[in-house]
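Please read the structure below before turning to the comments.
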Amino acid sequence: MMLIFATVFLLVPAAWSLEPGTNQSTTVTSSTYVITNLMFNSGSDVNLSCSDRTWSETLHVIWNMTLRDRICQVSLSTGEKVQDSCNDGKSLRNTSRAQSYLHIPNISAADVGVYNCNFVYNGGKKDCKINVAITVAPRLSAWLERGDKMVAVCKAEGGRPAANISWSHGRDPLSAETPETDGSITVESRLQLDEGTDPENLTCAFRHPSWDQEKTLGVKLRKVYFPWRLFITGVVGSTLLLGFAIFARKKILMLRGCHQCDSSKSPTIEEVEEVEPYASYVNVRTLFGAESRASQLHSN
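Sequence positions in the sequence shown follow mature numbering (1 follows the signal peptide of the UniProt record, and there is no 0) and run -17 to -1, 1 to 283.
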């Protein structure tokens, strides 16, 4: 769907005198300047036209584009190749009647801007300024909030342009528009309900240029969802950490017990050094006593 907001035409006739020798002739060339505001649905293919002249009448056509984050140009002159500094899919094409137009595939926020066309043909020229914008359908939601007062809330997020919100009944809603970083606008409308008001049949209506008809939503209390996934993740993580801590503690106690057991079985170096001299002394006395008894027996 395309929306045309305003078109202004300015016709300026101009005359040039040619004086070859003594002969004098005048050629009248028409010049036209057009300003147009157009809006297209995001994601659609767009064709911009500046003149209905056929290509056989055209001398050159130049599209200068001032976009959101850059400036580029697509142009073509008779007998030359297309010059394209945009390099984003935009192209010059001809209709079945050989009329030139600029094709923009899958239009998006990056294509929003001012398109200036200079179209020169045999006998005249036409300059066009086309302000191109896009529509982006907003995301809709509606709910009830309970507090000191019951408040009905309707919200349209990320719309381009801003959506319009109205209520089926009630009065004096508070509405606020919040610009987003991508150029879209979020609209929120809050309606405080009188005590005893039944919100069962309360609805809000949303209107936006990207839709042919308005959309309505009923308001209901928001469900409070328990974060089971986060809760289970926390429990499992805590259990694993606790299990690891218990296992590590048992392992440390086992290692300490084994170390004490090994220490009680093997004597220390100091103990060995103290025992060895005594053992040598006992062995010497034993051998000496045995030799003495043997000598006495031999003498007898």
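Positions of the beta carbon are idealized from the N, C-alpha and C atoms, including for glycine.
Between the CA atoms of proline 182 and proline 121 - distance to the nearest angstrom: Rounded to whole angstroms, the gap between the alpha carbons of proline 121 and proline 182 is 24 Å.
Beta-bridge partners of glutamate 128, as assigned by DSSP: For glutamate 128, which the question treats as bridged, DSSP gives the partners Val134.
Where glutamine 7 falls: helix, strand or coil (DSSP): Residue confidence is low: glutamine 7 scores 38 on pLDDT, short of 50, so the model does not pin down where it sits. No coordinate-derived value is stated.
Whole beta strand (DSSP E) elements within the segment 102 to 178, 3-residue minimum: Secondary structure within the segment 102 to 178: the beta strand (DSSP E) runs of 3 or more consecutive residues, fully enclosed, are 107 to 118, 122 to 129, 133 to 142, 147 to 150, 157 to 162, 168 to 175 (chain order).
Under 8 Å between C-beta atoms of threonine 49 and alanine 81: Against a cut-off of 8 Å, the Cβ pair of alanine 81 and threonine 49 comes out as no contact.
Through-space distance from asparagine 30 to valine 97, alpha-carbon basis: Cα to Cα, valine 97 sits roughly 14 Å from asparagine 30.
Residues near valine 186 by beta carbon distance below 6 Å, same chain, minus five either side: The amino acid at residue 186 is misidentified as valine; the sequence shows threonine. Result list for threonine 186: Ser151, Thr199, Gly201, in chain order.
Beta-bridge partners of cysteine 187, as assigned by DSSP: DSSP links cysteine 187 through a beta bridge to Trp150, Leu200.
Cβ pair isoleucine 148, alanine 159 closer than 8 Å: Not in contact: isoleucine 148 and alanine 159 (Cβ atoms no closer than 8 Å).
Pairwise C-alpha distance: alanine 125 and aspartate 67: Spanning the alpha carbons of aspartate 67 and alanine 125 requires a straight line of approximately 47 Å.
Residue of Gly130, Ser193, Gln56, Leu225 minimising C-alpha distance to glutamine 175: Comparing Cα-Cα distances from glutamine 175 to each of Gly130, Ser193, Gln56, Leu225, the minimum goes to Gly130.
contact_flag[the segment 14 to 26, the segment 83 to 101] where n(CB pairs < 8 Å) is 3 or more: Pairwise C-beta distances place the segment 14 to 26 in contact with the segment 83 to 101, as three or more of them are shorter than 8 Å.
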